[in-house]
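Peer 1: If you read the sequences in order, they're chains G and Y.
full-length UniProt numbering puts the first residue of the first sequence at 1, with every later residue one more than the last.
full-length UniProt numbering puts the first residue of the second sequence at 1, with every later residue one more than the last.
C-beta: ideal position from N, C-alpha, C; glycine also.
As the structure is a prediction and not an experimental result, all values here were calculated from the model.
First the structure, which I've put down as structure tokens, then a few questions once you've had a look.
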Amino acid sequence: MNSTEMKNFADQIRYYTLKELNFMGYGHYGGSLSIVETLAVLYGNHLQASPETKDDLDRDFFVLSKGHAGPALYATLFLKGYIPEEWLYTLNQNGTSLPSHPDKNKTPGVDMTTGSLGQGISSATGIAYGNKIAGRENYTYCIVGDGELNEGQCWEAIQFAAHRQLDHFIVFIDDNKKQLDGYTTEICNPFDFETKFSAFGFHTLKVDGSSVEAINKAVEEAKIMTRKPIAIILDTVKGQGVPCIEEMYSNHHIRLDEKMREEIEVVTERIGTEIGVR
Amino acid sequence: MTFEAKMGKTEMREVYRKFLLEKARKDESVVVLEADLSSSMSTDKIKDELGDRYINVGIMEAQEVCCAAGLSVAGFKPYIHTFGPFASRRVFDQIFISVAYAGTNVTIIGSDAGVTAEANGGTHMPFEELSLLRSIPHAHIYEASDDKCLRAILEETYHTDGLNYVRMIRKNAIEIYEEGETFEDGYKLLREGSDVSIVASGIMVADALQAADRLAAEGISATVIDLYRVKPVNEAALLKAAETGAIVTAENHNVIGGIGSVVAETLAELKPTLQYRVGVREAFGQVGQADYLKEQYGLTAENIVAQAKRLVEQKAKISVNV
Numbered sequence: 001m002n003s004t005e006m007k008n009f010a011d012q013i014r015y016y017t018l019k020e021l022n023f024m025g026y027g028h029y030g031g032s033l034s035i036v037e038t039l040a041v042l043y044g045n046h047l048q049a050s051p052e053t054k055d056d057l058d059r060d061f062f063v064l065s066k067g068h069a070g071p072a073l074y075a076t077l078f079l080k081g082y083i084p085e086e087w088l089y090t091l092n093q094n095g096t097s098l099p100s101h102p103d104k105n106k107t108p109g110v111d112m113t114t115g116s117l118g119q120g121i122s123s124a125t126g127i128a129y130g131n132k133i134a135g136r137e138n139y140t141y142c143i144v145g146d147g148e149l150n151e152g153q154c155w156e157a158i159q160f161a162a163h164r165q166l167d168h169f170i171v172f173i174d175d176n177k178k179q180l181d182g183y184t185t186e187i188c189n190p191f192d193f194e195t196k197f198s199a200f201g202f203h204t205l206k207v208d209g210s211s212v213e214a215i216n217k218a219v220e221e222a223k224i225m226t227r228k229p230i231a232i233i234l235d236t237v238k239g240q241g242v243p244c245i246e247e248m249y250s251n252h253h254i255r256l257d258e259k260m261r262e263e264i265e266v267v268t269e270r271i272g273t274e275i276g277v278r
Numbered sequence: 001m002t003f004e005a006k007m008g009k010t011e012m013r014e015v016y017r018k019f020l021l022e023k024a025r026k027d028e029s030v031v032v033l034e035a036d037l038s039s040s041m042s043t044d045k046i047k048d049e050l051g052d053r054y055i056n057v058g059i060m061e062a063q064e065v066c067c068a069a070g071l072s073v074a075g076f077k078p079y080i081h082t083f084g085p086f087a088s089r090r091v092f093d094q095i096f097i098s099v100a101y102a103g104t105n106v107t108i109i110g111s112d113a114g115v116t117a118e119a120n121g122g123t124h125m126p127f128e129e130l131s132l133l134r135s136i137p138h139a140h141i142y143e144a145s146d147d148k149c150l151r152a153i154l155e156e157t158y159h160t161d162g163l164n165y166v167r168m169i170r171k172n173a174i175e176i177y178e179e180g181e182t183f184e185d186g187y188k189l190l191r192e193g194s195d196v197s198i199v200a201s202g203i204m205v206a207d208a209l210q211a212a213d214r215l216a217a218e219g220i221s222a223t224v225i226d227l228y229r230v231k232p233v234n235e236a237a238l239l240k241a242a243e244t245g246a247i248v249t250a251e252n253h254n255v256i257g258g259i260g261s262v263v264a265e266t267l268a269e270l271k272p273t274l275q276y277r278v279g280v281r282e283a284f285g286q287v288g289q290a291d292y293l294k295e296q297y298g299l300t301a302e303n304i305v306a307q308a309k310r311l312v313e314q315k316a317k318i319s320v321n322v
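Written out as structure tokens, the structure reads:
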């Protein structure tokens, strides 16, 4: 995809993520919206996988370690043909195949069950290591949250990946500056991710996480890297692309009141018109 | 036939190591993970032959479990080991979510069951693995009584998808079985009696057999069962035990949640039966030699005998009252 196509794909993911969440009127808006551009770049340009190859061991793997952003992944999986659109409007409803946090046994295209923070990145290193020793050339991509990096297990995984020189392991850090209870710097300062990942032996890049071009360029650079795993730190905003959510202090899990619903639906419709689905 | 307690010739860890090597040679999907206890388990001896398929993650048990789960997603068959407390309570959520709930295939070996952790003491002496892990849906949980039993358990794990947990000791166990013994139903009926039943697991199977001999000398005939698969339990084994109308369970584990609980819970629904649970009650581990610790916690043939006699008397009183 070129830049325009990637941007359009990102808008589509944002549109269906919003529609999906609006349907129930509550959910993890903030952290879903901040990874939309990254998902667009990955699924639009890089991830070598499709509904037909979803069980092949030589496909690329994707692990959404920050599992609460599941709705954004589901919107992407719908747009890539893994699941039908109707499923999106069953999010979190009784008997659904789309639970709040991804479940690999429920949703086609979900490579690993995540949601208990810290475990996804750890499992992803196992997938990447397995692919490496099997002699496969495929990539394992993982998105981890900035708040999630509070979890000690993440740093076990990061140390393991560097020690094992997993150069086909690309981890994105969604640095949206907030976790559930507020700003990451106020709750338990993570300090500088770039310095930390580099110190742990990663090749580290920092990009504007709202720019599909910048993310795409970083992934291209990451793929040239050898003998080191790659960390791409995404400078993002929690609630990215939806001004009224970006402005909320507490936007991790939102339950819409009437005013919010009105505002968010206006944005949703505007994006829908832009991408030509309304 | 009386039971003669003699040490098995083969260390339990050697059984594990040989099993891994045999499977890894035939099956390229077998991978082995350790968390800095490879020399304690002696799997370091197969490190060179396994190459990339031997993964010592360092002192990172959470990473060990989830990395294994990821390896399963990538098509591998992981066997992971660490000491029992770290293989269970330290990584309970990792086992629960990334293995059981995610439906990955991982076999976990927790070594040095209960008092056999000896000088490692309270921090390293696990009495609660079965209690924790039994609550996980569809888990397969085993406790090995001797080297032959362990070999059979490991073979079963190789053919069983999902979460497998094997509780074992590392060194030599008292020999329970002859070479060539067959294991297939999750339990072994070792003695058949009519007055009382002893259901035991792990190192307590030897005590159960000794207790049965002592009871026989006093005219009490005892059934003895080695319940080596704790979950899913073979209900037929427990119904067999219930036929005598009185059961003593014996385990090197907390009485809450171990095989005593398995028997009580199962029979409460199928055939309520008089029971006493020999096991660790409201106590933490401590340093000491295994024999000393067994005395401390009442994990002895003497205690099994005493409880069995008490139950036989109680049973007689109940039948008189009826």
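What is the rounded straight-line gap between the Cα of residue 297 of chain Y and the Cα of residue 128 of chain Y?
Peer 2: Within the second sequence, residue 297 of chain Y is the residue found at index 297, counting from 1. Within the second sequence, residue 128 of chain Y is the residue found at index 128, counting from 1. Distance between the alpha carbons of residue 297 of chain Y and residue 128 of chain Y: 14 Å.
Peer 1: Closer than 7 Å by beta-carbon distance: list the chain G residues that pair up with residue 204 of chain Y, in chain order.
Peer 2: Reading the second sequence from its first residue, position 204 is the one you call residue 204 of chain Y. By Cβ distance, chain G contributes nothing, its closest Cβ being about 35 Å from residue 204 of chain Y, past 7 Å.
Peer 1: Using a Cβ-Cβ cutoff of less than 8 Å, which residues in the same chain neighbour residue 232 of chain Y once the five nearest sequence positions on both sides are dropped?
Peer 2: Position 232 of the second sequence, counted from the start, is the residue given in the question as residue 232 of chain Y. Correct list, in chain order: 140, 186.
Peer 1: Would you mind telling me which residues of chain G sit closer than 7 Å to residue 57 of chain Y, beta carbon to beta carbon, in chain order?
Peer 2: As a position in the second sequence, residue 57 of chain Y is number 57, starting the count at 1. Per Cβ cutoff of 7 Å: 160.
Peer 1: Could you check the C-alpha separation between residue 114 of chain G and residue 150 of chain Y for me, to the nearest Å?
Peer 2: Translated into the one-based positions of the first sequence, residue 114 of chain G becomes position 114. Translated into the one-based positions of the second sequence, residue 150 of chain Y becomes position 150. Going from the Cα of residue 114 of chain G to the Cα of residue 150 of chain Y covers about 33 Å.
Peer 1: CA-CA distance, residue 41 of chain G and residue 77 of chain G?
Peer 2: Reading the first sequence from its first residue, position 41 is the one you call residue 41 of chain G. Reading the first sequence from its first residue, position 77 is the one you call residue 77 of chain G. Straight-line Cα distance between these residues: approximately 13 Å.
Peer 1: Taking the beta carbon of residue 84 of chain G as the centre, do at least 16 other beta carbons fall within 10 Å, making it buried, or is it exposed?
Peer 2: The residue given as residue 84 of chain G occupies position 84 in the first sequence. Exposed.
Peer 1: Sort Y/215, Y/16, Y/275, Y/320 by Cα distance to residue 146 of chain Y and report the nearest one.
Peer 2: By 1-based counting over the second sequence, the position of residue 146 of chain Y is 146. Cα-wise, what sits closest to residue 146 of chain Y is Y/16.
Peer 1: Exposed or buried, which one is residue 202 of chain G when buried takes at least 16 other CB atoms within 10 Å?
Peer 2: Residue numbering aside, residue 202 of chain G sits at position 202 when the first sequence is read from its first letter. Buried.
Peer 1: For residue 197 of chain Y, report the span of its beta strand (DSSP E) as first-last.
Peer 2: Here residue 197 of chain Y refers to the residue found at position 197 when the second sequence is read from its first residue. Run containing residue 197 of chain Y: 196 to 200, per the beta strand (DSSP E) assignment.
Peer 1: For a contact meaning CB atoms closer than 7 Å, what does residue 104 of chain G contact in chain C?
Peer 2: The structure shown contains no chain C; the protein chains it does contain are G and Y.
Peer 1: From the beta carbon of residue 139 of chain G, is the nearest beta carbon of chain Y less than 8 Å away?
Peer 2: Walking along the first sequence from the start, residue 139 of chain G turns up at place 139. Taking Cβ atoms only, chain Y never reaches closer than 8 Å to residue 139 of chain G, which makes this a no.
Peer 1: Spell out a yes or no on whether the segment 105 to 123 of chain G and the segment 31 to 45 of chain G are touching, meaning 3 or more CB-CB pairs, one atom from each, closer than 8 Å.
Peer 2: Result no; under three Cβ-Cβ pairs closer than 8 Å.
Peer 1: Determine the closest residue to residue 224 of chain Y out of Y/206, Y/234, Y/218, Y/230, with distance taken between C-alpha atoms.
Peer 2: One-based indexing of the second sequence puts residue 224 of chain Y at position 224. Considering only alpha carbons, the answer is Y/206.
Peer 1: Roughly how many angstroms lie between the CA atoms of residue 104 of chain Y and residue 197 of chain Y, to the nearest whole one?
Peer 2: As a position in the second sequence, residue 104 of chain Y is number 104, starting the count at 1. As a position in the second sequence, residue 197 of chain Y is number 197, starting the count at 1. Cα-Cα distance, rounded: 37 Å.
Peer 1: Between which two residues does the alpha helix (DSSP H) containing residue 326 of chain Y stretch?
Peer 2: The structure shown has nothing for residue 326 of chain Y, since chain Y only spans 1 to 322.
Peer 1: DSSP state of residue 216 of chain G, grouped into three classes?
Peer 2: Position 216 of the first sequence, counted from the first residue, corresponds to residue 216 of chain G. Three-state DSSP puts residue 216 of chain G in a helix.
Peer 1: Taking 8 Å as the threshold (beta carbon to beta carbon), is residue 135 of chain Y in contact with chain G?
Peer 2: Here the question's residue 135 of chain Y lines up with position 135 in the second sequence. False, the Cβ-Cβ gap to chain G never drops below 8 Å.
Peer 1: Where do the ends of the alpha helix (DSSP H) carrying residue 163 of chain G lie?
Peer 2: Here the question's residue 163 of chain G lines up with position 163 in the first sequence. Unbroken alpha helix (DSSP H) run through residue 163 of chain G: 152 to 163.
Peer 1: Please list the partners that residue 97 of chain G has in chain Y, where partner means a Cβ-to-Cβ separation under 9 Å.
Peer 2: Taking the first sequence and counting its residues from 1, the one referred to as residue 97 of chain G is at position 97. Under the 9 Å cutoff, chain Y gives no residues; its nearest Cβ is about 15 Å from residue 97 of chain G.
Peer 1: Check whether the Cβ of residue 129 of chain G lies closer than 8 Å to any Cβ atom in chain Y.
Peer 2: By one-based count along the first sequence, residue 129 of chain G stands at place 129. Chain Y, which has a Cβ nearer than 8 Å to the Cβ of residue 129 of chain G, makes this yes.
Peer 1: What does the Cβ neighbour count give for residue 63 of chain Y, buried or exposed, with the cut at 16 atoms within 10 Å?
Peer 2: Position 63 of the second sequence holds residue 63 of chain Y. Per the 10 Å Cβ criterion, buried.
Peer 1: Is residue 42 of chain Y helix, strand or coil when you go by DSSP?
Peer 2: Residue numbering aside, residue 42 of chain Y sits at position 42 when the second sequence is read from its first letter. Of the three classes helix, strand and coil, the one that applies to residue 42 of chain Y here is coil, per DSSP.
Peer 1: Quick check on residue 74 of chain Y - is its C-beta less than 8 Å from some C-beta in chain G?
Peer 2: Residue 74 of chain Y sits at position 74 when you count from the first residue of the second sequence. So, interface residue.
Peer 1: Quick check on the DSSP output: the alpha helix (DSSP H) that includes residue 317 of chain Y runs from which residue to which?
Peer 2: Your numbering for residue 317 of chain Y matches position 317 in the second sequence. 301 to 321 is the extent of the alpha helix (DSSP H) around residue 317 of chain Y.
Peer 1: Can you check whether the C-beta of residue 113 of chain G is within less than 8 Å of a C-beta belonging to chain Y?
Peer 2: Translated into positions along the first sequence, residue 113 of chain G becomes position 113. Output row for residue 113 of chain G: interface = yes.
Peer 1: Does the Cβ-Cβ distance between residue 170 of chain Y and residue 13 of chain Y come in under 8 Å?
Peer 2: As a position in the second sequence, residue 170 of chain Y is number 170, starting the count at 1. As a position in the second sequence, residue 13 of chain Y is number 13, starting the count at 1. Cβ atoms of residue 170 of chain Y and residue 13 of chain Y: closer than 8 Å.
Peer 1: Along chain G, which residues have their Cβ under 7 Å away from the Cβ of residue 229 of chain Y?
Peer 2: Residue numbering aside, residue 229 of chain Y sits at position 229 when the second sequence is read from its first letter. Within chain G, no residue comes near residue 229 of chain Y; the closest Cβ sits about 25 Å away, beyond 7 Å.
Peer 1: How about residue 35 of chain Y: is its C-beta nearer than 8 Å to some C-beta of chain G?
Peer 2: Within the second sequence, numbered from 1, the residue matching residue 35 of chain Y stands at position 35. No, no contact with chain G.
Peer 1: Take residue 192 of chain Y as the anchor and find which of Y/242, Y/72, Y/33 has the nearest alpha-carbon.
Peer 2: Reading the second sequence from its first residue, position 192 is the one you call residue 192 of chain Y. That would be Y/242, whose Cα lies nearest to the Cα of residue 192 of chain Y.
Peer 1: Quick test of your reading: residue 99 of chain G and residue 17 of chain G, contact by CB under 8 Å. State the CB separation rounded to the nearest angstrom.
Peer 2: Here the question's residue 99 of chain G lines up with position 99 in the first sequence. Here the question's residue 17 of chain G lines up with position 17 in the first sequence. So it is not a contact: roughly 15 Å between Cβ atoms.
Peer 1: Considering only the beta carbon of each residue, do residue 249 of chain Y and residue 277 of chain Y sit closer than 8 Å?
Peer 2: For the purposes of this step, residue 249 of chain Y is taken as residue 249 along the second sequence, with counting starting at 1. For the purposes of this step, residue 277 of chain Y is taken as residue 277 along the second sequence, with counting starting at 1. The answer is yes: Cβ separation under 8 Å.
Peer 1: Mind checking whether residue 163 of chain Y and residue 255 of chain Y have CB atoms under 8 Å apart?
Peer 2: As a first step, residue 163 of chain Y is located in the second sequence; it is residue number 163 there, counting from the start. As a first step, residue 255 of chain Y is located in the second sequence; it is residue number 255 there, counting from the start. Not closer than 8 Å, so no.
Peer 1: Taking the alpha carbon of residue 235 of chain G as the point to measure from, which residue in G/1, G/62, G/175 has its own alpha carbon closest?
Peer 2: Position 235 of the first sequence, counted from the start, is the residue given in the question as residue 235 of chain G. Taking only the C-alpha atoms, the option nearest residue 235 of chain G is G/175.
Peer 1: What whole-angstrom Cβ distance do residue 54 of chain Y and residue 73 of chain Y have, given they're in contact under 8 Å?
Peer 2: Taking the second sequence and counting its residues from 1, one reaches residue 54 of chain Y at position 54. Taking the second sequence and counting its residues from 1, one reaches residue 73 of chain Y at position 73. Not a contact, Cβ separation roughly 19 Å.
Peer 1: In whole angstroms, give me the CA-to-CA distance for residue 200 of chain G and residue 272 of chain G.
Peer 2: For the purposes of this step, residue 200 of chain G is taken as residue 200 along the first sequence, with counting starting at 1. For the purposes of this step, residue 272 of chain G is taken as residue 272 along the first sequence, with counting starting at 1. One C-alpha to the other measures close to 42 Å.
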